[in-house]
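Trainee:
This is the structure in C-alpha cells:
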C-alpha cells in the first residue's frame, strides 16, 4: 500500500498513467479503491500437491515431482 500512497501524493493516477498487477488475488487486492489486474492461482491444488510432496519426502522417496503453476 506504500506504493499507492506515494503515487497519490505525486499525482500519478492509476490506471490512467500507471497500471498495477497483482499475482495473488488477495482480499486486499479485491477490495482496493483502484482497479487492479489480478491472476488467480489454483490454491487448493497447490496445497494438495505441496502436502503430497512433503509426505513423499518424509517417506524417503527420492524421485519427487517438480511442478510449476
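In this note's numbering, the protein residues as written are 115 to 183.
Glycine included, each C-beta is placed from N, C-alpha and C at the ideal position.
1. Near residue 163, what residues of its chain come up, given a Cβ to Cβ distance below 7 Å and the 5 sequence neighbours on each side ignored?
2. What's the C-alpha gap between residue 165 and residue 151?
3. In terms of alpha-carbon separation, which member of 158, 148, 183 and 135 lies closest to residue 128?
4. Quick one, which of 122, 176, 131 and 138 has its alpha-carbon nearest residue 156's?
5. Would a C-beta distance cut-off of 8 Å place residue 183 and residue 160 closer than the cut-off?
Mentor: According to the data block:
1. As a first step, residue 163 is located in the chain shown; it is residue number 49 there, counting from the start. So the qualifying residues of the chain are 181.
2. As a position in the chain shown, residue 165 is number 51, starting the count at 1. As a position in the chain shown, residue 151 is number 37, starting the count at 1. Answer to the nearest angstrom: the Cα atoms are 30 Å apart.
3. Along the chain shown, read from residue 1 onward, the residue named residue 128 stands at position 14. The shortest Cα separation from residue 128 among 158, 148, 183 and 135 belongs to 148.
4. Here the question's residue 156 lines up with position 42 in the chain shown. Ranking the options by Cα distance to residue 156, first place goes to 138.
5. The residue labelled residue 183 in the question sits at position 69 within the chain shown. The residue labelled residue 160 in the question sits at position 46 within the chain shown. In this structure, residue 160 lies closer than 8 Å to residue 183 by Cβ.
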